[in-house]
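K.L.:
The structure under discussion is supplied below as structure tokens; questions concerning it will follow.
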Amino acid sequence: FKIVVLISGSGSNLQAILDNIESGNIDAKITAVISNRANAYGLERAEKYGIDAKVLDHTHYESREEFDLELQTLIDSYTPDLIVLAGFMRILSDGFVEHYNGKLINIHPSLLPLYKGLDTHQRALTDKQSDHGASVHFVIPELDAGKVIIQGIVDIKEDDDAESLAQRVHQIEHKIYPHAVKILAEGRLAYNNGDVLYDGKP
Ligand code: GRF
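9 is the number of the first residue of the sequence shown in the UniProt record's numbering; add one for each residue after it.
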């Protein structure tokens with residue numbers, strides 16, 4: 009089971025998946041890590057494991073479609089079974105997303121369908137929510153709207169600010185993202201035209 013991971017930054021979720029592969033919890037191989045930013049720390053994490061670490065700088069392309077096509081060609085050269093977005097800070101064009109129908113997943117720092125888009129922690133605090141969290145979901149053209157695979161919940165504490173909350177959400181991300189990858193690698197999730205079956209059940 010071959011995985012390509014797309015990042016833009018630190019890659020702590022990438023690290024969590026790498027740790028789970030190393031410990032034998034996930035039976036899969038990350039064949040490439042691709043970043044749109046040359047200084048993404050996640051590239052160094054990949055190199056430590058001897059994984060191909062590639063940079064595709066979006067500023068060198070004239071349009072989103074041109075960049076996405078080049079990205080698609082690079083990804084497809086690794087023939088992955090799964091493409092994992094792990095802090096990849098780019099909106100992907102419809103054609104790209106449709107090309108990877110059912111094979112493209114993302115982690116979003118909120119309890120979807122709440123708080124799509126940016127600034128999720130502050131928005132949850134402003135709304136005086138009692139809990140918050142993160143969601144792993146299949147990617148569809150509509151932003152943060154694909155079927156949710158797994159969610160992790162954290163309580164919001166009275167003295168939380170956006171940063172302290174973000175930190176706890178990050179910790180839970182490192183648990184749920186590897187778990188989602190694990191069940192996908194085990195073939196326990198089936199994706200059919202937007203419907204998701206887990207162990208054969210809806
Ligand atoms: C996470 O907060 C994730 O929810 C969001 O981007 C961040 C990635 O963090 N999509 P990292 O690069 O994995 O540390």
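Where a beta carbon is used, it is the ideal one built from N, C-alpha and C, also for glycine. Since this is a predicted model, take the numbers as computed values, not measurements.
Shorter than 8 Å, the distance from the beta carbon of residue 174 to the closest heavy atom of ligand 2, or not?
P.N.:
No copy of ligand 2 appears in this structure; the ligands present are ligand 1.
K.L.:
Does the distance between the C-beta of residue 77 and the nearest non-hydrogen atom of ligand 1 fall short of 8 Å?
P.N.:
Outside the cutoff, so no.
K.L.:
Helix, strand or coil: which one does DSSP assign to residue 112?
P.N.:
Residue 112: strand per DSSP, three-state reduction.
K.L.:
Since residue 111 and residue 90 are thought to touch, with beta carbons under 8 Å apart, how far apart are those beta carbons, to the nearest angstrom?
P.N.:
That belief holds up - the Cβ atoms of residue 111 and residue 90 are roughly 6 Å apart, short of 8 Å.
K.L.:
Measuring CA to CA, which of 166, 198, 96, 46 is closest to residue 126?
P.N.:
Here the closest residue by C-alpha is 96.
K.L.:
Quick check: does the Cβ of residue 145 come within less than 8 Å of any heavy atom belonging to ligand 1?
P.N.:
False, no ligand heavy atom lies under 8 Å from that Cβ.
K.L.:
What is the residue span of the alpha helix (DSSP H) that residue 172 lies within?
P.N.:
Residue 172 -> alpha helix (DSSP H) spans 170-193.
K.L.:
Indicate the three-state DSSP secondary structure (helix, strand or coil) for residue 87 in the structure shown.
P.N.:
Residue 87 falls in the coil class under three-state DSSP.
K.L.:
What do you reckon, are the CB atoms on residue 54 and residue 19 nearer than 9 Å?
P.N.:
Closer than 9 Å, so yes.
K.L.:
Exposed or buried, what is residue 206 when buried is set at 16 or more other beta-carbons lying within 10 Å of its beta-carbon?
P.N.:
Label assigned to residue 206: exposed.
K.L.:
From the DSSP output, in three-state form, read off residue 148 for me.
P.N.:
Looking at residue 148 - three-state DSSP - the assignment turns out to be coil, as it is neither helix nor strand.
K.L.:
For the 8 Å Cβ check, are there 3 or more pairs between the stretch 100-109 and the stretch 126-144?
P.N.:
Judged by Cβ distances under 8 Å, the stretch 100-109 makes no contact with the stretch 126-144, as fewer than three pairs qualify.
K.L.:
Between which two residues does the beta strand (DSSP E) carrying residue 43 extend?
P.N.:
Counting along the chain, the beta strand (DSSP E) containing residue 43 begins and ends at 37-43.
K.L.:
Per DSSP, what kind of secondary structure is residue 206 in: helix, strand or coil?
P.N.:
Strand at residue 206.
K.L.:
Can you tell me which of the three DSSP states residue 165 falls into?
P.N.:
Of the three classes helix, strand and coil, the one that applies to residue 165 here is coil, per DSSP.
K.L.:
In the DSSP output, which residue or residues are listed as bridge partners for residue 199?
P.N.:
Beta-bridge pairing links residue 199 to 204.
K.L.:
With contact counted as at least three CB pairs below 8 Å, one residue from each stretch, are the stretch 148-164 and the stretch 197-205 in contact?
P.N.:
Flag = yes, the stretch 148-164 and the stretch 197-205 touch.
K.L.:
Flag residue 18 as yes when its Cβ comes closer than 8 Å to any non-hydrogen atom of ligand 1, and as no otherwise.
P.N.:
Yes, Cβ of residue 18 sits closer than 8 Å to a heavy atom of ligand 1.
K.L.:
Pick from 57, 79, 59, 56: whose alpha carbon is nearest that of residue 67?
P.N.:
The candidate whose alpha carbon is nearest that of residue 67 is 79.
K.L.:
Which two residues bound the contiguous alpha helix (DSSP H) that contains residue 51?
P.N.:
Residue 51 -> alpha helix (DSSP H) spans 49-56.
K.L.:
Could you check what DSSP says for residue 143 in three-state terms: helix, strand or coil?
P.N.:
Strand.
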